[in-house]
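Accompanying notes for the structure given below.
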Amino acid sequence: MTATPASTPTQMPAHLPAHLEVAPGALWFRDALDREAQAALLADIRAVLDEAPLFTPAMPRTGKPFSVRMSNCGPLGWASDAAGYRYQPFHPETRAPWPAMPPALTELWTTYAAFPAPPEACLINYYGPDARMSLHQDRDEADFTAPVLSLSLGDTALFRIGGETRGGATRSIRLASGDIFLLSGPSRLAFHGIDRILPGTSTLLPEGGRFNLTLRRVNPAT
Ligand code: MD3
Ligand code: FE
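Here the sequence shown is numbered in full-length UniProt numbering, starting from 1 and rising by one per residue.
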């Protein structure tokens, strides 16, 4: 792991906050959000979930349910069922349009992603104590040039990240409440997953567990 480089790549903003680059283009901003900011984001997410409740996605073809429950906000949301993975503008169960992206999320995108078009989707993942997410690539988006920005709230997760091919070396990182993770450049197509949640490691969620928010572009910015 290398510390913040002394030289600033040209695609980065001049005032990118302190971070560790854990793989090329994978930037870890530990403790980026203080408790007050975490609580405010959590309140935004609870309001989204009042309108767009968590649903249980299922695997394409087999229909096997995920252990992670999900919802979305913003113009588009990710969904998965026996018919396949896709982005769509409405909740798969209520069929209502996804709630608007809270302004605080768009502001974090501006600060950390430094991409000249706003996020189109915020995927909300909720992990109970036994939820996990197997190693995968995120490739349902039509544009991989935009970064993905991840925000963690609640219990710490053991996150695993490898390279662009399955079966290569991986490293394990503990993503804690308030951590921000940016996947840009080569790491945008890295294999990654959540091995497990460490219950009782945060007091942010009274019910326990973990929310992960990922801000994404889906379509080319043109
Ligand atoms: C690396 N979420 O929603 S966030 C996902 O903690 C997902 O819920 C995990 O993987 C979670 O698809 C990991 C960190 C993350 C997010 C997107 C990535 C890592 C990524 C996209 C490309 C490469
Ligand atoms: Fe992913």
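Backbone N, C-alpha and C define an ideal beta-carbon position, used for all residues, glycine too. From a predicted model like this one, the values you see are computed outputs, not experimental measurements.
The beta carbon of residue 135 is closer than 6 Å to those of 191, 193 in its chain, skipping five residues each way along the sequence. Cβ contact annotation for residue 148 (same chain, cutoff 6 Å, sequence separation greater than five): 183, 214, 216, in chain order. Excluding sequence positions up to five before and after residue 38, its CB lies within less than 8 Å of the CB of 153, 177, 178, 204, all in the same chain and listed in chain order. Counting only runs of 3 or more residues that sit fully inside the region 139 to 186, the beta strand (DSSP E) segments are 148 to 154, 157 to 161, 171 to 175, 180 to 183, in chain order. Assigned with DSSP and collapsed to three states, residue 32 falls in coil, not helix or strand. The three-state reading of DSSP puts residue 104 in helix, counting H, G and I together.
If you draw a straight line from the Cα of residue 175 to the Cα of residue 156, it is about 5 Å long. Residue 51 and residue 92 have their alpha carbons spaced roughly 13 Å apart. Burial state of residue 63 is exposed, judged by a 10 Å Cβ sphere holding fewer than 16 other Cβ atoms. The ligand MD3 never approaches residue 19 closely enough for any of its heavy atoms to be under 8 Å from the residue's Cβ.
Contact annotation, residue 70 with residue 54: C-beta distance approximately 6 Å; criterion of less than 8 Å satisfied.
A direct Cα-Cα distance of roughly 14 Å separates residue 43 from residue 210.
Counted as a single uninterrupted DSSP element, the stretch harbouring residue 19 is not any beta strand (DSSP E), since DSSP gives it neither H nor E.
DSSP places residue 78 in the strand class (E or B) of the three-state scheme.
Proximity to the ligand FE was defined by a C-beta distance below 6 Å to any of its heavy atoms, and the residues meeting it, in sequence along the chain, are 136, 138, 192. Per DSSP, the unbroken beta strand (DSSP E) holding residue 135 starts and ends at 133 to 136. The region 120 to 128 makes contact with the region 70 to 83: 3 or more CB pairs, one atom from each, lie closer than 8 Å. DSSP lists 79 as the bridge partner or partners of residue 86. Residue 207 counts as exposed, since fewer than 16 other beta carbons sit within 10 angstroms of its beta carbon.
Under the DSSP definition of a beta bridge, residue 192 partners with 136, 161.
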